[in-house]
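Trainee: Residue numbers (my numbering): 1 to 353. Virtual Cβ for every residue (Gly too), placed ideally from N, Cα, C. Quick caveat: nothing in here was measured; it's all calculated off a predicted structure.
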Amino acid sequence: IVLVIYGIMFAQFFDQAVFGSFTPGTRVVLDTIFSTLIVLFTGEYLPKAFFKSNPNRLLTIFAPLAYFFYLVLWPISVFSTFLSRCLLRIFGVKVKEDSDGEGFSKVDLDYLVQSTIDHAKDDQDIDEVKIFQNALDFTDRKIRDCMVPRTEINAVEYKSSLAELMQKFVESGNSKIIVYKDDIDHIVGYIHSSEMFRNPEIWTDRIRTMPFVPETMAAQKLMRTFLQEKKTLGVVVDEFGGTSGLVSLEDIVEEIFGDIEDEHDTSNLIAKKINEEEYVFSARMEIDKVNEMFDLDLPESDDYMTIGGLILASYQSIPKVNDIVQIGQFEFKILKNTMTKIELVRLKVVQKN
1 IVLVIYGIMF AQFFDQAVFG SFTPGTRVVL DTIFSTLIVL FTGEYLPKAF FKSNPNRLLT
61 IFAPLAYFFY LVLWPISVFS TFLSRCLLRI FGVKVKEDSD GEGFSKVDLD YLVQSTIDHA
121 KDDQDIDEVK IFQNALDFTD RKIRDCMVPR TEINAVEYKS SLAELMQKFV ESGNSKIIVY
181 KDDIDHIVGY IHSSEMFRNP EIWTDRIRTM PFVPETMAAQ KLMRTFLQEK KTLGVVVDEF
241 GGTSGLVSLE DIVEEIFGDI EDEHDTSNLI AKKINEEEYV FSARMEIDKV NEMFDLDLPE
301 SDDYMTIGGL ILASYQSIPK VNDIVQIGQF EFKILKNTMT KIELVRLKVV QKN
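Set out below in structure tokens:
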């Protein structure tokens, strides 16, 4: 209604004051062009430019005015919505009753957060907003996204001696050591370092049980389970019942707040930029983190999470040292590996977008 009134008044004023000497057809074209430009400038560009410069202060000033117009126009909005739904029902179109009762959807929040990150002035603001972004993405996180892989589990055999157990505590620096029978696929629980001060000679009696969870389980569901059962550690199993990895409450929390390091954490992962086109990465580096750190566009998939997984998915076998794997515009050279996994690679961007 406002736009209709604006269009009529604009045409009446400018046709008499400015465009009076033009033909009617020319006046229509000029009225359309200039009225559109004025609406775009005053209704789109200026408000966005002002609010981006100082959003909090301007929001405080204009929020009461916006709320006033909301109250004034609310009856008209309700009536228009009701009339539209009645017409749609007449033509057989189904309308969700709660469609107008929703606030911001997740898509809206994602867009808002990304826009805030793009216009953040310093790294501290970006870090704070990314916590909110991680919280939004947390509902889609699976246990396999945050677990410690099977090959990195610190564990001892059930029949190990006390000296072997103590040595494992010293070597790993961990406060908990996994205990298994026969092999890592048969985990019986874990032993806490505090038990070494309580009759350690019979340490197997102090083994604590922990839940077994599938790797496809939602991370937020496991967090609730941990809190309800007062547990902090769980064994992740694959579809065949074998041990896939280990997950702790700290691992899940890090999905929201980022890496939480203490004095015992030893990060051996390498992520180094050699020049504008070459990088050196540990194969265990997660692809999404690499893309974020170095503004790359490495392909992501549900089939793998790490650079090593990307290479194996493309190469279909374990490459040898100095082998080169071409994946799109990215060229990977294997610098270090073992018989079972890739450890270190050099990445060269052949043609960066």
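So, is LYS48 buried or exposed, given that buried needs 16 or more other C-beta atoms within 10 angstroms?
Mentor: In the sequence shown, counting from the first residue as 1, residue 48 sits at position 48. Burial call: exposed.
Trainee: Report yes or no: do the region 153-164 and the region 208-227 share at least 3 C-beta pairs separated by less than 8 angstroms?
Mentor: Because the criterion of three Cβ pairs below 8 angstroms is not met, the region 153-164 and the region 208-227 do not touch.
Trainee: Do TYR279 and LYS347 come within 8 angstroms of each other at the CB atom, strictly closer than that value?
Mentor: For the purposes of this step, residue 347 is taken as residue 347 along the sequence shown, with counting starting at 1. For the purposes of this step, residue 279 is taken as residue 279 along the sequence shown, with counting starting at 1. Reading off the sequence shown, one finds Leu at residue 347, where the question assumed Lys. Closer than 8 angstroms, so yes.
Trainee: Using the rule of at least 16 other Cβ atoms within 10 Å of the residue's Cβ for burial, across every protein chain shown, is ARG144 buried or exposed?
Mentor: In the sequence shown, counting from the first residue as 1, residue 144 sits at position 144. Per the 10 Å Cβ criterion, buried.
Trainee: Roughly how many whole angstroms lie between the Cα atoms of GLU239 and PHE91?
Mentor: Within the sequence shown, the letter at position 239 stands for residue 239. Within the sequence shown, the letter at position 91 stands for residue 91. Near 49 angstroms, if we compare the C-alpha coordinates of PHE91 and GLU239.
Trainee: Could you pull out every residue in the same chain whose Cβ sits closer than 8 angstroms to the Cβ of VAL2, ignoring the five residues on either side in sequence?
Mentor: Numbered from its first residue, the sequence shown carries residue 2 at position 2. Nothing meets the Cβ criterion.
Trainee: Based on the DSSP secondary-structure assignment, which residues constitute the bridge partners of VAL93?
Mentor: For the purposes of this step, residue 93 is identified with residue 93 of the sequence shown, where counting begins at 1. In DSSP, VAL93 forms no bridge with anything.
Trainee: How far does the alpha helix (DSSP H) with PHE13 in it reach, from first residue to last?
Mentor: Taking the first residue of the sequence shown as 1, we reach residue 13 at position 13. Unbroken alpha helix (DSSP H) run through PHE13: 2-17.
Trainee: Compute the Euclidean distance between the alpha carbons of LEU73 and ILE126, then round it to the nearest angstrom.
Mentor: The count along the sequence shown starts at 1 and reaches residue 73 at position 73. The count along the sequence shown starts at 1 and reaches residue 126 at position 126. One C-alpha to the other measures close to 37 angstroms.
Trainee: Let me know the secondary structure DSSP gives GLY20 once reduced to three states.
Mentor: Here the question's residue 20 lines up with position 20 in the sequence shown. Here GLY20 sits in coil by DSSP.
Trainee: Beta carbon of GLU215, beta carbon of MET147: below 8 angstroms?
Mentor: One-based indexing of the sequence shown puts residue 215 at position 215. One-based indexing of the sequence shown puts residue 147 at position 147. Going by C-beta atoms, GLU215 is nearer than 8 angstroms to MET147.
Trainee: Could you give the uninterrupted runs of the alpha helix (DSSP H) lying entirely in the region 200-236, keeping only those of 4 residues or more?
Mentor: You should have 219-229.
Trainee: Give me the Cα-Cα distance between SER194 and VAL170, rounded to the nearest whole angstrom.
Mentor: Counting from 1 along the sequence shown, the entry for residue 194 is found at position 194. Counting from 1 along the sequence shown, the entry for residue 170 is found at position 170. Cα to Cα, SER194 sits roughly 13 angstroms from VAL170.
Trainee: Starting from THR306, follow its DSSP beta bridges and name the residues at the other end.
Mentor: Counted from its first residue, the sequence shown places residue 306 at position 306. BP columns for THR306 point to GLU286.
Trainee: In whole angstroms, what separates the C-alpha of PHE281 from that of ILE270?
Mentor: Here residue 281 is taken as the residue at index 281 of the sequence shown, counted from 1. Here residue 270 is taken as the residue at index 270 of the sequence shown, counted from 1. Near 5 angstroms, if we compare the C-alpha coordinates of ILE270 and PHE281.
Trainee: When you compare each of ARG89, VAL39, LYS289 and ASP205 to VAL4 by their alpha carbons, which one comes out closest?
Mentor: In the sequence shown, residue 4 corresponds to position 4, counting from 1. Residue VAL39 is the option with its Cα nearest to VAL4.
Trainee: So, ILE187 versus VAL235, is the Cβ gap smaller than 8 angstroms?
Mentor: Walking along the sequence shown from the start, residue 187 turns up at place 187. Walking along the sequence shown from the start, residue 235 turns up at place 235. Yes, Cβ-Cβ distance for ILE187 and VAL235 is below 8 angstroms.
Trainee: Given this structure, state the Cα-to-Cα distance separating LYS333 from ILE327, to the nearest angstrom.
Mentor: Along the sequence shown, one-based indexing puts residue 333 at 333. Along the sequence shown, one-based indexing puts residue 327 at 327. Each residue's alpha carbon lies about 11 angstroms from the other.
Trainee: Measure the beta-carbon distance from LEU249 to THR225 and round it to whole angstroms, keeping in mind my assumption that it falls under 8 angstroms.
Mentor: Position 249 of the sequence shown, counting from 1, holds the residue named residue 249. Position 225 of the sequence shown, counting from 1, holds the residue named residue 225. 10 angstroms between Cβ atoms; not a contact.
Trainee: For LYS176, count neighbouring C-beta atoms within 10 Å of its own C-beta (all shown protein chains included) and say buried if the count is 16 or more, exposed if not.
Mentor: Numbered from its first residue, the sequence shown carries residue 176 at position 176. Buried, by the Cβ-count rule.
Trainee: State the DSSP-derived secondary structure class of SER99, mapped to helix, strand or coil.
Mentor: Along the sequence shown, read from residue 1 onward, the residue named residue 99 stands at position 99. In this prediction, SER99 scores a pLDDT of 48, lower than 50, which makes its location untrustworthy; the coordinate-derived value is nonetheless stated afterwards. Note: SER99 maps to coil in three-state DSSP.
Trainee: Based on the DSSP secondary-structure assignment, which residues constitute the bridge partners of THR243?
Mentor: Reading the sequence shown from its first residue, position 243 is the one you call residue 243. THR243 is bridged to VAL237.
Trainee: Return helix, strand or coil for GLY189, following the three-state DSSP convention.
Mentor: For the purposes of this step, residue 189 is identified with residue 189 of the sequence shown, where counting begins at 1. In the structure shown, GLY189 sits in a strand (DSSP, three-state: E or B).
Trainee: For PRO64, which residues does DSSP report across the bridge?
Mentor: Counting from one through the sequence shown, the residue named residue 64 turns up at place 64. Looking at the DSSP assignment, PRO64 forms no beta bridge with any residue, so it has no partner.
Trainee: Hey, ASP110 and LEU136 are a contact pair by Cβ (cut 8 angstroms); roughly how many whole angstroms apart?
Mentor: By one-based count along the sequence shown, residue 110 stands at place 110. By one-based count along the sequence shown, residue 136 stands at place 136. Right, the Cβ-Cβ distance comes to about 6 angstroms (below 8 angstroms), so this counts as a contact.
Trainee: Assuming VAL179 and GLU277 make a contact with CB atoms under 8 angstroms, what is their CB distance in whole Å?
Mentor: The residue you call residue 179 lines up with position 179 of the sequence shown. The residue you call residue 277 lines up with position 277 of the sequence shown. Contact flag wrong, Cβ pair sits at about 48 angstroms.
Trainee: Using DSSP's beta-bridge definition, name the partner residues of GLU278.
Mentor: As a position in the sequence shown, residue 278 is number 278, starting the count at 1. DSSP output for GLU278 lists LYS348 as bridge partner(s).
Trainee: Rounding to the nearest angstrom, what Cα-Cα distance links ARG27 and PHE13 in this structure?
Mentor: On the sequence shown, position 27 is the one that residue 27 refers to. On the sequence shown, position 13 is the one that residue 13 refers to. Taking the straight line joining both Cα atoms gives about 12 angstroms.
Trainee: Indicate the three-state DSSP secondary structure (helix, strand or coil) for SER53 in the structure shown.
Mentor: In the sequence shown, the residue the question calls residue 53 occupies position 53. Helix at SER53.
Trainee: Could you tell me the alpha carbon to alpha carbon distance between ASP140 and LYS94, rounded to whole angstroms?
Mentor: For this step, residue 140 is matched to residue 140 along the sequence shown. For this step, residue 94 is matched to residue 94 along the sequence shown. Computed Cα separation, rounded: 30 angstroms.
Trainee: Beta strand (DSSP E) containing VAL170: first to last residue?
Mentor: Taking the sequence shown and counting its residues from 1, one reaches residue 170 at position 170. From DSSP, VAL170 is part of no beta strand (DSSP E) but of the alpha helix (DSSP H) over 162-172.
Trainee: Taking all protein chains shown into account, do 16 or more other C-beta atoms lie within 10 angstroms of the C-beta of ALA156, making it buried, or fewer, making it exposed?
Mentor: Position 156 of the sequence shown holds residue 156. According to the sequence shown, residue 156 is Val rather than Ala. Burial call: buried.
Trainee: Which class does SER175 belong to by DSSP, given the choice of helix, strand or coil?
Mentor: Taking the first residue of the sequence shown as position 1, residue 175 is located at position 175. Three-state result, SER175: coil.
Trainee: Whose C-beta lies closer than 7 angstroms to the C-beta of TYR158 among residues of the same chain, with five residues either side of it excluded?
Mentor: In the sequence shown, residue 158 corresponds to position 158, counting from 1. Hits under 7 angstroms: VAL179, TYR180, LYS181, VAL188 and THR204.
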